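**Student:**
Protein chains: 2
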Amino acid sequence: MPDYVTDAADPRLTDYTRLRDVDLRKSLEAERGLFVAEGEKVIRRAIAAGYPIRSVLTTPRWLEPLADVLGDATVYVVSDETMLGVAGFQVHRGALASMERLPLPPVEEVLAGTSRVVVLEDLVDHSNVGAIFRCAAALGVEGIVLSPRCADPLYRRSVKVSMGAVFSIPYGRMDDWYGGLERIRTAGYTLLALTPDQRVTPIDKVKMGERAALLLGSEGDGLSSRWMREADESVCIPMSPAAMAAGVDSLNVVAAAAIACHSLTRVDGA
Amino acid sequence: MPDYVTDAADPRLTDYTRLRDVDLRKSLEAERGLFVAEGEKVIRRAIAAGYPIRSVLTTPRWLEPLADVLGDATVYVVSDETMLGVAGFQVHRGALASMERLPLPPVEEVLAGTSRVVVLEDLVDHSNVGAIFRCAAALGVEGIVLSPRCADPLYRRSVKVSMGAVFSIPYGRMDDWYGGLERIRTAGYTLLALTPDQRVTPIDKVKMGERAALLLGSEGDGLSSRWMREADESVCIPMSPAAMAAGVDSLNVVAAAAIACHSLTRVDGA
Chain A
1 MPDYVTDAAD PRLTDYTRLR DVDLRKSLEA ERGLFVAEGE KVIRRAIAAG YPIRSVLTTP
61 RWLEPLADVL GDATVYVVSD ETMLGVAGFQ VHRGALASME RLPLPPVEEV LAGTSRVVVL
121 EDLVDHSNVG AIFRCAAALG VEGIVLSPRC ADPLYRRSVK VSMGAVFSIP YGRMDDWYGG
181 LERIRTAGYT LLALTPDQRV TPIDKVKMGE RAALLLGSEG DGLSSRWMRE ADESVCIPMS
241 PAAMAAGVDS LNVVAAAAIA CHSLTRVDGA
Chain B
1 MPDYVTDAAD PRLTDYTRLR DVDLRKSLEA ERGLFVAEGE KVIRRAIAAG YPIRSVLTTP
61 RWLEPLADVL GDATVYVVSD ETMLGVAGFQ VHRGALASME RLPLPPVEEV LAGTSRVVVL
121 EDLVDHSNVG AIFRCAAALG VEGIVLSPRC ADPLYRRSVK VSMGAVFSIP YGRMDDWYGG
181 LERIRTAGYT LLALTPDQRV TPIDKVKMGE RAALLLGSEG DGLSSRWMRE ADESVCIPMS
241 PAAMAAGVDS LNVVAAAAIA CHSLTRVDGA
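Top to bottom, those sequences are chains A and B.
Take full-length UniProt numbering: the last position of the first sequence gets the number 270, and nothing is skipped along the way.
Take full-length UniProt numbering: the last position of the second sequence gets the number 270, and nothing is skipped along the way.
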């Protein structure tokens, strides 16, 4: 039986407090070991991926469409106005689920049995992380490794932008930025560093080995110089000289990641 | 000499009214034949591309960095608070320019001398249009043709997301959706329709002719069935079967456009 709640300050709803307050959410979600899935489709994918439900918060309209997957989960039903009061904005498609995080697998486990992976260094934007997971999953990348400081794929925005791809592609987080790449190489991976520098090998021309890892850097600065040095080869996406002369000198990180993942997962190698 | 304005309701500032009100802006900009450039870099690119300045609205902080390109343009200087009152939100990097639109060239003129172009059918999201212009320009696409109903590249969000690429890549708008593609074919173009359908030729395997036009459809529905039928060939971006089984069944339109433009502009043809 769902619980009808009318007070936005009800303590049972605190998993959902102020969803747009990034700092609050980061500490709250870490403390409680939860993440928030938003919208019917994403909630279904989170449940299907095996994440336990802590509770669901929904307006009456979205209770029925989700009924078949909620089992005996705790469900709070609120008005649009109470939802706004709790979450701090008008929630898209009116349903939220607070899910338990599961322990991330060690990086070696993510890499086991894979041949094409992506490594993200220090991306700060949750939407970009979600969009890259979506691309990588759609294009057949088999695993993702995050640097210690890379933004969280289970943050609400990441989950939403990924369309749930964060549940379908295995990922892990290095515990050591300094030595992390070496462990990926030890697993048999060739490390390819993506850079805007047009003097290096175009990614389409690289002979992909049996196991290739694509390194993608942060939005502003790209890969750190340490990771650039540690990589086995630097690769670029060829740009138009005319565009570069006109000051259109780079792709955004998601567009670059899409093209690079497409090259990385070519069936024919190169 | 800049004019210091203190009243957000001053009639001289109405070019900048409620910038997030899409409906208001569409009609106001069409009536007055203007568009709004936001931020120093984008304003510089608009001026360099030859768009005449109607006026500039800035906070004191951004007056100096722009001084060298403003010539004798009308400049209104306001406080952060007045800026918020006029524009309706806290303007990023505090400078806006109202620029005069120039007449768009006929489609035949956009196509003259080009060999790789993109045709956008009915995209509705201004950010997506801007992002596709940025990708297309960076990757060496030489021109863009818009369907009659495609979202406006000079809308503020498009301009901003494109980083000014809307000024560097020539584009035009069909006056006739029904007969528009035929005119592109008459100009010697092979029409390639991008579709998620995995049964068609992968875009990397297509023999690009001398002149190839890539057709991209709207965010929700993709290309219309009429355009799909009219195209010379349908092409797809190969997806991971595992991801499709898990419900991650498509790339977003910008990621797809990035990959497709990269394939379209390969130097080696294929």
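All residues carry an ideal CB built from backbone N, CA and C; glycine is no exception.
Keep in mind the model is a prediction, meaning the values are calculated, not measured.
Report all residues from its chain with a CB closer than 7 Å to the CB of Gly85 of chain B; omit the five preceding and five following residues, and keep chain order.
**Tutor:** Start at 1 with the first residue of the second sequence, and residue 85 of chain B comes out as number 85. Counting only Cβ-Cβ distances below 7 Å, and skipping sequence neighbours, we find Ala8.
**Student:** Compare the Cα-Cα distances from Asp15 of chain B to each of B:Met208, B:Phe35, B:Met244 and B:Ala258 and report the closest residue.
**Tutor:** Sequence index remark: in the second sequence, residue 15 of chain B carries index 15 (1-based). When each option's Cα is compared against that of Asp15 of chain B, the closest is B:Phe35.
**Student:** Interface residues of chain B around residue 282 of chain A at Cβ under 7 Å?
**Tutor:** The structure shown does not extend to residue 282 of chain A, since chain A spans only 1 to 270, so no value can be given for it.
**Student:** Name, in chain order, the residues that DSSP records as bridge partners for Ala97 of chain B.
**Tutor:** Translated into positions along the second sequence, residue 97 of chain B becomes position 97. According to DSSP, Ala97 of chain B bridges with B:Ala37 and B:Val56.
**Student:** Look at Lys205 of chain A and Glu38 of chain A and say whether their C-beta atoms are less than 9 Å apart.
**Tutor:** Looking up residue 205 of chain A in the first sequence gives position 205. Looking up residue 38 of chain A in the first sequence gives position 38. Cβ atoms of Lys205 of chain A and Glu38 of chain A: not closer than 9 Å.
**Student:** Less than 8 Å between the CB atoms is what I'm expecting for Ala243 of chain B and Ser168 of chain A, so what's the real figure, rounded?
**Tutor:** If you number the second sequence from 1, residue 243 of chain B lands on position 243. If you number the first sequence from 1, residue 168 of chain A lands on position 168. With a Cβ gap of about 7 Å, Ala243 of chain B and Ser168 of chain A count as contacting.
**Student:** Would you call the CB atoms of Ser250 of chain A and Ala256 of chain A closer than 9 Å?
**Tutor:** Along the first sequence, one-based indexing puts residue 250 of chain A at 250. Along the first sequence, one-based indexing puts residue 256 of chain A at 256. Yes. Within cutoff.
**Student:** To the nearest angstrom, how far is the alpha carbon of Leu192 of chain A from that of Arg149 of chain A?
**Tutor:** Here residue 192 of chain A is taken as the residue at index 192 of the first sequence, counted from 1. Here residue 149 of chain A is taken as the residue at index 149 of the first sequence, counted from 1. One C-alpha to the other measures close to 20 Å.
**Student:** Can you find a CB in chain B that lies within less than 9 Å of the CB of Ile47 of chain A?
**Tutor:** In the first sequence, residue 47 of chain A corresponds to position 47, counting from 1. For Ile47 of chain A, the answer is no, since every Cβ of chain B falls outside 9 Å of its Cβ.
**Student:** Give, in chain order, every residue of the region 137-161 of chain B whose Cβ lies closer than 9 Å to some Cβ of chain A.
**Tutor:** Ala137, Ala138, Leu139, Gly140, Val141, Glu142 and Val161
**Student:** Expressed to the nearest angstrom, what Euclidean distance is found between the alpha-carbon atoms of Thr6 of chain B and Thr6 of chain A?
**Tutor:** Within the second sequence, residue 6 of chain B is the residue found at index 6, counting from 1. Within the first sequence, residue 6 of chain A is the residue found at index 6, counting from 1. Rounded to the nearest angstrom, the two C-alpha atoms are 44 Å apart.
**Student:** Given a cut-off of 9 Å on the beta-carbon distance, is the pair Leu63 of chain B and Pro2 of chain B in contact?
**Tutor:** Walking along the second sequence from the start, residue 63 of chain B turns up at place 63. Walking along the second sequence from the start, residue 2 of chain B turns up at place 2. Contact flag set, yes.
**Student:** Does the beta carbon of Met244 of chain B come closer than 9 Å to any beta carbon on chain A?
**Tutor:** Translated into positions along the second sequence, residue 244 of chain B becomes position 244. Output row for Met244 of chain B: interface = yes.
**Student:** May I ask you to list, following chain order, the residues of the UniProt domain "MRM3-like substrate binding" (31-87) of chain A that have a beta carbon less than 7 Å from some beta carbon of chain B?
**Tutor:** Arg45
**Student:** Do Val22 of chain A and Gly164 of chain A count as a contact pair if the criterion is CB distance below 9 Å?
**Tutor:** In the first sequence, residue 164 of chain A corresponds to position 164, counting from 1. In the first sequence, residue 22 of chain A corresponds to position 22, counting from 1. Taking 9 Å as the Cβ cut-off, Gly164 of chain A and Val22 of chain A do not qualify as a contacting pair.
**Student:** Within the chosen definition, does the region 107-115 of chain B reach the region 48-55 of chain B through at least 3 CB pairs nearer than 8 Å?
**Tutor:** no
**Student:** Thr17 of chain B by DSSP, collapsed to three states: which one?
**Tutor:** Counted from its first residue, the second sequence places residue 17 of chain B at position 17. Here Thr17 of chain B sits in coil by DSSP.
**Student:** Among all the DSSP beta bridges, which residues are the ones paired with Arg173 of chain B?
**Tutor:** Residue numbering aside, residue 173 of chain B sits at position 173 when the second sequence is read from its first letter. Arg173 of chain B pairs with B:Leu146.
**Student:** Bridge partners of Asp3 of chain B, per DSSP?
**Tutor:** One-based indexing of the second sequence puts residue 3 of chain B at position 3. DSSP lists B:Tyr76 as the bridge partner or partners of Asp3 of chain B.
**Student:** Please tell me whether, using a cut-off of 8 Å, the distance from the CB of Gly164 of chain A to the nearest non-hydrogen atom of the ligand NAD is below it.
**Tutor:** With respect to small molecules bound, the structure shown includes none, and the ligand NAD cannot be examined in it.
**Student:** What residues from chain A crowd round Ala112 of chain B, counting only those whose CB sits closer than 8 Å?
**Tutor:** To locate residue 112 of chain B, count along the second sequence from 1; it is residue 112. Residues of chain A passing the Cβ test: none, with the nearest at roughly 16 Å.
**Student:** By the DSSP assignment, the alpha helix (DSSP H) with Arg32 of chain B in it spans what residues?
**Tutor:** Position 32 of the second sequence, counting from 1, holds the residue named residue 32 of chain B. Element bounds for Arg32 of chain B: Val22 to Arg32.
**Student:** Does Arg266 of chain B get closer than 9 Å to chain A when you measure Cβ to Cβ?
**Tutor:** Within the second sequence, the letter at position 266 stands for residue 266 of chain B. Residue-level contact by beta carbon holds for Arg266 of chain B and chain A, with a gap shorter than 9 Å.
**Student:** Where does Tyr76 of chain B land, buried or exposed, given buried means 16+ other C-beta within 10 angstroms?
**Tutor:** In the second sequence, counting from the first residue as 1, residue 76 of chain B sits at position 76. Tyr76 of chain B should be labelled buried.
**Student:** So, is the C-beta of Met239 of chain B closer than 9 Å to a C-beta in chain A?
**Tutor:** As a position in the second sequence, residue 239 of chain B is number 239, starting the count at 1. Cβ-Cβ to chain A under 9 Å: yes for Met239 of chain B.
**Student:** For Glu210 of chain A, does the three-state DSSP call read helix, strand or coil?
**Tutor:** In the first sequence, residue 210 of chain A corresponds to position 210, counting from 1. Glu210 of chain A: coil per DSSP, three-state reduction.
**Student:** Measure the C-alpha to C-alpha separation of Tyr4 of chain B and Ile203 of chain B and round it to an integer number of angstroms.
**Tutor:** Taking the second sequence and counting its residues from 1, the one referred to as residue 4 of chain B is at position 4. Taking the second sequence and counting its residues from 1, the one referred to as residue 203 of chain B is at position 203. Whole-angstrom Cα-Cα distance: 55 Å.
**Student:** Thinking C-alpha only, which one of A:Gly188, A:Pro196 and A:Gly220 is nearest Gly209 of chain A?
**Tutor:** As a first step, residue 209 of chain A must be located in the first sequence, where it is residue number 209. Comparing Cα-Cα distances from Gly209 of chain A to each of A:Gly188, A:Pro196 and A:Gly220, the minimum goes to A:Gly188.
**Student:** At the level of alpha carbons, what is the spacing between Ala270 of chain B and Gly71 of chain A?
**Tutor:** Start at 1 with the first residue of the second sequence, and residue 270 of chain B comes out as number 270. Start at 1 with the first residue of the first sequence, and residue 71 of chain A comes out as number 71. Bear in mind that the predicted position of Ala270 of chain B carries a pLDDT of just 41, short of 50, making it unreliable; the figure below should be weighed with that in mind. Whole-angstrom Cα-Cα distance: 53 Å.
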